[in-house]
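Taking it in order: structure first as structure tokens, then the write-up.
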Amino acid sequence: MWQGKILAAYHLKWQHADMVAIRKSNEEGHDRKFLVVVDDTPECGRAIVYASKRAARTGGVVLLLFVIAPGNFQHWLGVEDIMRQEARDNADTILAKAAERVRAAARTEPELVVREGHQSDEIIDLIEEDADIAILVLAAGTSKEGPGPLVSSIAGKSAGTFPIPTTIVPGNLDDDALDALA
């Protein structure tokens, strides 16, 4: 009898493995979160401004994520600790500037998250952990090389299975155009 319950539970989990987790952002006591992946590219600022304006208009929150790429921290222990701390300090500096941008654009206080790992994995993990994240906001690059690796990755192979909607902001829009769209 217990084996049947285990098999039924396993089947249920398997059956729903590819489904999107229910977002809680529309439930009472929850805020809709606009996730922005922060880096030091110029187009990142466009995503921050759009997400900030949109969050302010809809009563949402901007969540800024900085992912520290997994480094080759296999040096002596003291060197590894220094390298990790330098990477964390850099992430904190970039996030502080991004947070100021959110405050300036929409006078709202963002949430800040720093993670270490592969960017795409950390984005998915954060979305799975925080059911209030409702929209990922990215900005497309304006160079000849294309929209950028993260935009290409999300819009490409994972678009059909990505767990939440994604807004891709054109990287060449100014603040007034973003304000009108948000």
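Quick note: the sequence shown uses full-length UniProt numbering, first residue 1, plus one each step.
The beta carbon of each residue, even a glycine, is placed where N, CA and C say it ideally should be.
Decide if the region 162 to 173 is in contact with the region 96 to 103; the criterion is three or more beta carbon pairs, one per stretch, under 8 Å apart. no
Rounded to whole angstroms, what's the CA-CA distance from R57 to L63? Just pull it up for me. 15 Å
Between which two residues does the beta strand (DSSP E) containing L35 stretch? K33 to V37
Which of helix, strand or coil does DSSP assign to R54? The three-state reading of DSSP puts R54 in helix, counting H, G and I together.
Does the Cβ-Cβ distance between A55 and L138 come in under 9 Å? no
Please go through the same chain and pick out, in chain order, the residues whose beta-carbon is closer than 8 Å to the beta-carbon of D31, but skip the five residues on each side of it. Excluding five sequence positions before and after D31, the CB atoms of its chain that fall closer than 8 Å to its own CB belong to S25, G59, G60, V61 and D132, given in chain order.
For a quick check, are the C-beta atoms of L65 and I135 less than 9 Å apart? no
When you compare the CB positions of I123 and V37, do they come within less than 9 Å of one another, or not? yes
Checking the sheet assignment: what are the DSSP bridge partners for residue 231? Outside the displayed span of the chain (1 to 182) sits residue 231, for which this structure offers no information.
Under the three-state reduction of DSSP, which class applies to L181: helix, strand or coil? helix
Please classify I82 as buried or exposed, where buried requires at least 16 neighbouring CB atoms within 10 angstroms. So I82 ends up on the exposed side.
What did DSSP end up calling I22 once you bin it into helix, strand or coil? coil
Own chain residues within Cβ distance below 7 Å of G45, not counting five before or after: R101
Same chain, Cβ closer than 8 Å to D175, five either side skipped, listed in chain order: V49 and A105
Mind checking whether D92 and V114 have CB atoms under 9 Å apart? Closer than 9 Å, so yes.
Whose C-alpha, out of T41, L95, E80 and K53, is nearest the C-alpha of D179? The shortest Cα separation from D179 among T41, L95, E80 and K53 belongs to K53.
Taking only three categories from DSSP, how would you classify I168? strand
Buried versus exposed, by CB contacts within 10 Å (16 or more), I22: exposed
Check whether K33 and E128 have beta carbons under 9 Å apart: K33 places its beta carbon 9 Å or farther from that of E128.
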